[in-house]
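The sequence shown: position 62 = 62 (my numbering), numbered continuously. Using N, Cα and C, we set each Cβ at its ideal position, and we do this for glycine too. Here the structure is a predicted model, which is why all the values come from computation and not from measurement. Below: one structure, written as structure tokens.
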Amino acid sequence: MLPLRPNQYIIDMSATILEQQPAVDMTFSFMSGEEPTDAQWETLMREVGEDARKRREETNKALRNEIRLAVEKNKADRER
Numbered sequence: 001m002l003p004l005r006p007n008q009y010i011i012d013m014s015a016t017i018l019e020q021q022p023a024v025d026m027t028f029s030f031m032s033g034e035e036p037t038d039a040q041w042e043t044l045m046r047e048v049g050e051d052a053r054k055r056r057e058e059t060n061k062a063l064r065n066e067i068r069l070a071v072e073k074n075k076a077d078r079e080r
């Protein structure tokens, strides 16, 4: 089996990690049929932005850890 190219590994891992993340809850009780107020939109956009930032940080941390483990494994394999 051929080893994955480094960028392919990152892409595969990011897809796996993102699949595990919960989606942003876009239900903002707009079911009344009325147009949301500016304050409601502002709150929603702030929550979406905060959630996206947290998910990005978690994903970056997990990717860095996976890359570090892959590099360590590669070094160990070369030493054998």
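For E35, no alpha helix (DSSP H) encloses it, and the DSSP letter there is neither H nor E.
Straight through space, the alpha carbons of R78 and G49 are spaced by roughly 43 Å. In the displayed model, R80 falls within coil according to three-state DSSP, outside both helix and strand.
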